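Asker: Residue numbers for the sequence shown follow our numbering, beginning at 4 and rising by one. Yeah, the Cβ is synthetic: ideal placement off N, Cα and C, and Gly gets one too. Given the structure is predicted, the values throughout are model-derived calculations rather than measurements. First the structure, which I've put down as structure tokens, then a few questions once you've had a look.
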Amino acid sequence: MAFDGVLFFPVTPFDTDGRVDDALLREHVESALTHRPGGVFPACGTGEFHALSTDEAAQVVRSTVETVSGRVPVVAGAGGPLGHAIAVARAAADAGADALLVLPPYLVGGPQAGLVAYVEAIADASDLPVIVYHRANAQYSPESMRHLARNPRVVGFKDGVGDIGTAQLIVRAVAEEGRDDVAFFNGLLTAELTQGAYRGIGIPLYSSAAFAMAPEVAVAHYRAYVDGDEARRLQLIDGFYRPLVALRDETPGFGVSLIKAGLRLSGLAVGSVRAPLVDPTPAQEQRLAEILAAGRGLL
Numbered sequence: 004m005a006f007d008g009v010l011f012f013p014v015t016p017f018d019t020d021g022r023v024d025d026a027l028l029r030e031h032v033e034s035a036l037t038h039r040p041g042g043v044f045p046a047c048g049t050g051e052f053h054a055l056s057t058d059e060a061a062q063v064v065r066s067t068v069e070t071v072s073g074r075v076p077v078v079a080g081a082g083g084p085l086g087h088a089i090a091v092a093r094a095a096a097d098a099g100a101d102a103l104l105v106l107p108p109y110l111v112g113g114p115q116a117g118l119v120a121y122v123e124a125i126a127d128a129s130d131l132p133v134i135v136y137h138r139a140n141a142q143y144s145p146e147s148m149r150h151l152a153r154n155p156r157v158v159g160f161k162d163g164v165g166d167i168g169t170a171q172l173i174v175r176a177v178a179e180e181g182r183d184d185v186a187f188f189n190g191l192l193t194a195e196l197t198q199g200a201y202r203g204i205g206i207p208l209y210s211s212a213a214f215a216m217a218p219e220v221a222v223a224h225y226r227a228y229v230d231g232d233e234a235r236r237l238q239l240i241d242g243f244y245r246p247l248v249a250l251r252d253e254t255p256g257f258g259v260s261l262i263k264a265g266l267r268l269s270g271l272a273v274g275s276v277r278a279p280l281v282d283p284t285p286a287q288e289q290r291l292a293e294i295l296a297a298g299r300g301l302l
């Protein structure tokens, strides 16, 4: 599976009654496609997978697949309690998704053998290939990834931990299994800040939550990154991403909340986040508006 461009993680819009707003979701995805993302990842972290029912996750994936209509790969989230993960994996396959992003299991920790079994159970639930998400209570050792790389259905690895040494060893372990078709992603929050280091260890792709609310700024950074224009890239880092990260770090969960707030500020009424996340205060929204204006002013 090939990805070429910024990886887009859409939000899940909710209407005033708290239901998934299907029409607005389609509008959100369609408008972002004009900026040519490398792939679309519905019902994942930015899409509040943690707060979606099985039926809601299936609806989000189905609507995204229909909107994308084969233009780029669609990778659906699957994780949490194993039964829930299997159910949403099957629903994503029925909806026409191209792959699954295996999110961490719910609450419990397990040994490496258990984490491997968790991935394999989700991979066995459908015919879809899977991407392993390395974060939180699902941190895979190089040997675990070596084992998983022997399964041709495992086609990707997304790092959300930030341990560069371990990530480097995982890249090497997968290569030593003869796999040159595995896609590696930097999945840290606001990955633009760390992508220079990740590229150096063989992880060229990154996810961008900012793309969901300011795709023109995210694409400008991506072009500077691909073209090796460090002066331009650092201009965008200093003028947009650094103040965004400072605001994000003020409140847990703002990696999602600010994206939805940014979309509302841009005129797309995507609704609030679901508990346990919270929306920004009016003062924080004003600062976000200023950050977005500054980023767009650099274009």
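Pull up the distance between the alpha-carbon of Met148 and that of Lys161, whole angstroms please.
Answerer: Near 12 Å, if we compare the C-alpha coordinates of Lys161 and Met148.
Asker: Quick one: which unbroken beta strand (DSSP E) runs of 3-plus residues sit fully inside the region 188–212? Chain order, please.
Answerer: You should have 208–211.
Asker: From the DSSP output, in three-state form, read off Asp25 for me.
Answerer: Correct three-state label for Asp25: helix.
Asker: Return the first residue and the last residue of the alpha helix (DSSP H) that Phe257 is part of.
Answerer: Note, Phe257: alpha helix (DSSP H), Phe257 to Leu268.
Asker: When the distance is taken between beta carbons, is Ile134 closer than 9 Å to Ala88?
Answerer: Taking 9 Å as the Cβ cut-off, Ala88 and Ile134 do not qualify as a contacting pair.
Asker: Would you give the residue range spanned by the alpha helix (DSSP H) that Gly86 belongs to?
Answerer: Run containing Gly86: Leu85 to Ala98, per the alpha helix (DSSP H) assignment.
Asker: Of the choices Leu237, Glu33 and Ala234, whose alpha-carbon is the least far from that of Ser72?
Answerer: The residue with the shortest Cα to Cα distance from Ser72 is Glu33.
Asker: Hey, how far is the Cα of Arg153 from the Cα of Val119?
Answerer: If you take the alpha carbons of Arg153 and Val119, they lie about 12 Å apart.
Asker: What residues in its chain sit with their C-beta under 8 Å from that of Glu30, if we drop five residues either side in the sequence?
Answerer: So the qualifying residues of the chain are Leu271.
Asker: Strictly by DSSP, which residues pair up with Leu10?
Answerer: The partner list for Leu10 (beta bridge, DSSP) reads Gly42 and Ser210.
Asker: What is the DSSP secondary structure of Arg149, counted as helix, strand or coil?
Answerer: In the structure shown, Arg149 sits in a helix (DSSP, three-state: H, G or I).
Asker: Got a sec? Which residues, its chain only, sit under 6 Å from Pro218 by beta carbon, not counting five neighbours each side?
Answerer: Excluding sequence neighbours, Pro218 sits near Ala35 and His38.
Asker: Excluding the 5 residues preceding and the 5 following Gly242 in the sequence, name in chain order all residues of the same chain whose CB lies nearer than 7 Å to its CB.
Answerer: Excluding positions up to five away in sequence, the list reads Ala297, Gly298 and Leu301.
Asker: If you drop the 5 nearest sequence neighbours on each side, which residues of the same chain put their C-beta closer than 6 Å to that of Val63?
Answerer: So the list reads Thr15, Pro45 and Ala46, once near-sequence residues are dropped.
Asker: Buried or exposed for Leu110, please, with buried defined as at least 16 other CB atoms from any protein chain shown within 10 angstroms of its CB.
Answerer: Looking at its Cβ environment, which holds fewer than 16 other Cβ atoms inside 10 Å, Leu110 is exposed.
Asker: Using 9 Å as the threshold, is the C-beta distance between Ala98 and Ala126 below it?
Answerer: No, the Cβ-Cβ distance between Ala98 and Ala126 is not below 9 Å.
Asker: Give me the Cα-Cα distance between Tyr121 and Gln238, rounded to the nearest whole angstrom.
Answerer: Between Tyr121 and Gln238, the C-alpha separation is close to 42 Å.
Asker: For Phe130, does the three-state DSSP call read helix, strand or coil?
Answerer: Rather than Phe, the amino acid found at residue 130 in this sequence is Asp. Note: Asp130 maps to coil in three-state DSSP.
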